[in-house]
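Going by the working numbering, the sequence shown opens with residue 687, and the numbers climb by one from there.
To keep things clear, I will list the structure first and then write my remarks on it.
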Amino acid sequence: MNLTRPTFLLTLAALALAVPARAQMPASQNPALVEAEKSRGVFSSKTGVKWIVSVTSRTSAETKKAKFSVVSQEGNARADILEPTDASDRCYVVNHTGMWFYKKSLSRPVSVSRRQRLSGDASIGDIATNSLIDGYKIASQEKGTLNGKECDIFHLESSDRTATYAKVKYWVTKGDHLGLQAEYYASSGTLLRTATMAYGNSVTIDGKPRAFLSKQLIGEANRTRYVTLLFTNVQIGSFPDSMFDPKQLK
Numbered sequence: 687m688n689l690t691r692p693t694f695l696l697t698l699a700a701l702a703l704a705v706p707a708r709a710q711m712p713a714s715q716n717p718a719l720v721e722a723e724k725s726r727g728v729f730s731s732k733t734g735v736k737w738i739v740s741v742t743s744r745t746s747a748e749t750k751k752a753k754f755s756v757v758s759q760e761g762n763a764r765a766d767i768l769e770p771t772d773a774s775d776r777c778y779v780v781n782h783t784g785m786w787f788y789k790k791s792l793s794r795p796v797s798v799s800r801r802q803r804l805s806g807d808a809s810i811g812d813i814a815t816n817s818l819i820d821g822y823k824i825a826s827q828e829k830g831t832l833n834g835k836e837c838d839i840f841h842l843e844s845s846d847r848t849a850t851y852a853k854v855k856y857w858v859t860k861g862d863h864l865g866l867q868a869e870y871y872a873s874s875g876t877l878l879r880t881a882t883m884a885y886g887n888s889v890t891i892d893g894k895p896r897a898f899l900s901k902q903l904i905g906e907a908n909r910t911r912y913v914t915l916l917f918t919n920v921q922i923g924s925f926p927d928s929m930f931d932p933k934q935l936k
């Protein structure tokens, strides 16, 4: 496996009875989900985040590492490879219309298909940068616990073609509204992978300190691979739209 090949982008509970969410509300209209996503770097306004993402991927056969400079804003993301240095001419872009890979030897960016985004290395980058409010609706909501913390558990379903996964089960803590865990499902209902999040970073937004994503652990449902993402050097700001335009990759 090669973490820098063209298909890669920066890619328990005691449950109560689930109850339907009101009229399958868009996820973007739920205050707890919006707050949870802010701490993962997903903002509703024209505010974005730039950070260094260090990736370690482990299988029974090998361990691979890579490092990216990643910018995400309004559902868009761009990842430039920093390490390994022999791949530092490579760049990945996600926007509302799709995902692309580019390197200097290519005449134009290469599109990454939806199927590729669901499997292999691309899926890791997709989870690392995706929004769980844009393109999803709340099918149902229940109460539960995770690691001893009271949570609201949201059952999300894709509402348009921008969402990579058909269904997501998302644990959000009560009170501080932090997303602790997400399970990603295929349209068949098959569990594909699980991501758990930690919030060791801190940023100031609107004059208030906020716990911010510092680590994600992603495990494949078939237990063939485990990936660790570490987020450092966090910068909050506003970034030009041209950064996320594949036509500008050169």
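Each residue gets a CB set at the ideal place from its N, CA and C atoms; glycine is no exception.
What you are looking at is a predicted structure, and each value in this text was computed from that prediction instead of being measured.
Coil, strand or helix - residue i by DSSP
i, result
"Phe729", "coil"
"Glu748", "coil"
"Arg708", "Its pLDDT being 43, under 50, Arg708 is placed unreliably by the model, and the measurement read from it follows with that caveat. Three-state result, Arg708: helix."
"Lys823", "strand"
"Thr742", "strand"
"Thr771", "helix"
"Asp927", "helix"
"Lys936", "coil"
Where the alpha helix (DSSP H) containing residue i begins and where it ends
i, result
"Leu719", "Pro717 to Lys724"
Residue j beta carbon less than 8 Å from that of residue i
i, j, result
"Thr901", "Phe917", "For the sequence presented, residue 901 should be read as Lys rather than Thr. Taking 8 Å as the Cβ cut-off, Lys901 and Phe917 qualify as a contacting pair."
"Gly727", "Val720", "no"
"Ala897", "Leu935", "no"
"Val756", "Trp786", "no"
"Ser791", "Gly821", "no"
"Tyr871", "Tyr885", "no"
"Arg911", "Ser740", "no"
"Lys732", "Ser924", "yes"
"Val854", "Leu866", "no"
"Gln710", "Ala825", "yes"
"Val889", "Val858", "no"
"Thr880", "Gly905", "yes"
"Tyr914", "Leu899", "The sequence as given places Thr at residue 914; Tyr does not occur at that position. No, these two residues do not count as a Cβ contact at 8 Å."
"Val779", "Phe930", "yes"
"Gly761", "Ser817", "yes"
Bridge partner(s) assigned by DSSP for residue i
i, result
"Ala907", "Paired residue(s): none; Ala907 is not in a bridge."
"Val920", "The partner list for Val920 (beta bridge, DSSP) is empty, contrary to what the question assumes."
"Asp838", "Lys829 and Val858"
"Ala852", "In the DSSP output, where bridge partners are listed per residue, Ala852 has none listed."
"Glu843", "Lys823 and Lys853"
"Pro895", "Thr890"
"Ser797", "Trp786"
"Ala868", "Tyr856 and Ala881"
"Leu915", "Val741 and Gln902"
Residue i classed as buried or exposed, judged by whether at least 16 other C-beta atoms fall within 10 angstroms
i, result
"Ala747", "exposed"
"Tyr788", "buried"
"Glu836", "exposed"
"Ile891", "exposed"
"Arg776", "buried"
"Val796", "exposed"
"Pro939", "This structure gives no information on residue 939, because the portion of the chain shown stretches from 687 to 936."
"Asn908", "exposed"
"Pro926", "exposed"
"Ser730", "exposed"
"Lys933", "exposed"
"Ser793", "exposed"
"Ser758", "buried"
Limits of the unbroken beta strand (DSSP E) element including residue i
i, result
"Leu877", "Leu877 to Ala884"
"Gly761", "Premise fails: Gly761 is in no beta strand (DSSP E) and is neither H nor E."
"Asn816", "No beta strand (DSSP E) holds Asn816; DSSP gives it neither H nor E."
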